[in-house]
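Taken in sequence, the protein lines are chains A and B.
Last residue of the first sequence: 128 (numbering that gives the first Met the number 0), numbering continuous.
Last residue of the second sequence: 128 (numbering that gives the first Met the number 0), numbering continuous.
Structure first, commentary second.
There are 2 protein chains.
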Amino acid sequence: MPISAYDACMARAATTSDAFNAIAEPQRRDILVLLRSGERPVTALARDLRMTQPQASKHLRVLRQVGLVRFREAGKQRLYGLDAGGLRPIHEWVGGFEQFWGETFDRLDQYVQALQQAKQEAPRDDDEQ
Amino acid sequence: MPISAYDACMARAATTSDAFNAIAEPQRRDILVLLRSGERPVTALARDLRMTQPQASKHLRVLRQVGLVRFREAGKQRLYGLDAGGLRPIHEWVGGFEQFWGETFDRLDQYVQALQQAKQEAPRDDDEQ
DNA sequence: TTGACACATGCCAATATCGGCATATGATGC
DNA sequence: GCATCATATGCCGATATTGGCATGTGTCAA
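Here is the structure:
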C-alpha cells in the first residue's frame with residue numbers, strides 16, 4: 000500500500016474520532032442526557048427529542064463508534080443505553096483547568112483588579128479585548 | 000418570504016458556536032494546555048506546538064470567539080492567556096454523568112446484573128439477551 | 001407468505017471546517 | 001520615510017458533516 004501520500008488537507012476531525020468530537024453536537028448531548036433516565040429504543044429517542052428516526056440512528060451510530068452508548072436487542076427494538084465511561088477522560092481533561100476558572104478574567108474582575116492595583120501603584124493600563 | 004426560506008441544510012455546527020465545538024480540535028486543546036503555564040505570544044505558541052503561525056492565529060481566533068482565551072497587547076506582540084471560565088459549563092455538564100461511569104456496562108457487568116435480577120424476581124418480561 | 005413495525009443506510013445539497021501559501025495590517029526601530 | 005518583526009486574514013482545495021427523503025434489512029405476528 001502506498002502510504003498516505005497526501006494527508007496534507009485534513010478538514011475537521013471526524014465526529015467519530017473521539018468523544019470530544021462526538022459531544023460537540025448538541026443533539027448528541029441531548030441523547031446522552033435523555034439516556035441517563037434509562038435505556039430507550041430509537042423511536043422513543045427520536046420522538047422525545049423531536050428528530051426524525053434516521054437522524055436519531057445516525058447520531059446513535061456516532062455515539063456507538065466512540066463508545067458512549069451501547070445497545071441491546073429486544074425483539075424488533077434496539078434498546079440504547081449509556082456507556083458513560085468515555086466521558087471520564089473529558090471530565091479529567093477539563094478538570095485540569097479547575098484552578099483557573101476562579102480567576103476568570105471577565106471584564107468586571109479585570110476592572111476591579113485594575114482599580115486595586117491602581118490604588119496601590121501608579122495608574123497604568125493597556126488592557127483591552 | 001424573505002425570511003430564511005431555507006435553513007434546512009445546516010452542516011456541522013460552527014467551531015465558534017460554543018466551547019464544546021471549540022475544544023473538539025486537538026490542537027486547540029493543546030493551546031489551552033500550554034497556556035496554563037502562562038501567557039504567550041502567538042509565535043511562541045506556534046513554535047512549541049509545531050504549527051505554522053497562521054494556524055496558531057486561526058485557532059486562537061476561534062478560542063477567542065468562544066471566550067476561552069483573551070489577549071493583551073505588548074508592543075508588537077499579543078500575549079494570549081487562558082480564560083478558563085468557559086470550560087466550567089462543560090465540566091459541569093460532563094460531571095452530570097459521573098454516577099454512571101462507575102457502572103460502565105461492559106458485557107460482564109451486564110451479565111452479572113441480569114443474574115441478580117433474575118434471582119430476585121420472577122421471570123417476567125420482555126427482556127432478552 | 002404477507003404485512004407491519006423498528007431500525008439502518010445510501011444519496012443529495014449546503015455548509016464549514018482545516019492546512020498551506022501569500023498577503024494585508026500594525027507596531028517598532030533606524 | 002523605510003525595513004522588519006508579529007500577527008491577522010484571504011483564497012484555495014479537500015474533506016466530512018448535517019438534514020431530508022427514500023430505501024434496504026431484519027423481526028414479529030397473522
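Just so it is clear, CB atoms sit at the ideal spot from N, CA and C, and this is done for glycine as well.
| query | Does the beta-carbon distance from LEU48/B to ILE30/B come in below 8 Å? | reply | Cβ distance < 8 Å, so LEU48/B and ILE30/B count as in contact.
| Reference ARG77/A, options LEU44/A, THR15/A, ARG11/A, ARG35/A, closest by Cα | Selected option, being the one with the closest Cα: LEU44/A.
| request: Name, going along the chain, the residues of the stretch 66-95 of chain A whose beta-carbon falls closer than 9 Å to a beta-carbon of chain B. | output: Residues ARG69, ARG71, GLU72, ALA73, GLY74, GLY80, LEU81, ASP82, ALA83, GLY84, GLY85, LEU86, ARG87, ILE89, HIS90, TRP92, VAL93, GLY94, GLY95.
| task | Enumerate in chain order the residues of its own chain whose CB-to-CB distance from PRO88/B is below 6 Å, with the five nearest sequence positions on each side excluded. | result | The answer is none, since no qualifying residue turns up.
| query | Three-state secondary structure (DSSP) at GLU24/A? | reply | Here GLU24/A sits in coil by DSSP.
| field | Same chain, Cβ closer than 6 Å to LYS57/B, neighbours up to 5 away in sequence not counted | value | Within its own chain, no residue has a Cβ closer than 6 Å to the Cβ of LYS57/B once the five positions on either side in sequence are excluded.
| Residues in the stretch 21-37 of chain A with C-beta within 8 Å of chain B's C-beta atoms, listed in sequence order? | Those residues of the stretch 21-37 of chain A placed with their C-beta closer than 8 Å to a C-beta in chain B are ILE22, ALA23, GLU24, PRO25, ARG28, LEU31, VAL32, ARG35, ordered along the chain.
| said: Buried or exposed for ALA83/A, going by 16 or more other Cβ atoms inside 10 Å? | reply: So ALA83/A ends up on the buried side.
| Excluding five sequence neighbours on each side, which residues of the same chain lie with their C-beta closer than 6 Å to the C-beta of ARG71/B? | Excluding sequence positions up to five before and after ARG71/B, its CB lies within less than 6 Å of the CB of LEU78, all in the same chain and listed in chain order.
| query | What is the rounded straight-line gap between the Cα of LEU33/A and the Cα of GLN52/A? | reply | Whole-angstrom Cα-Cα distance: 16 Å.
| Boundaries of the alpha helix (DSSP H) in which VAL41/B is found, first to last residue | 41-47 is the span of the alpha helix (DSSP H), which, as asked, contains VAL41/B.
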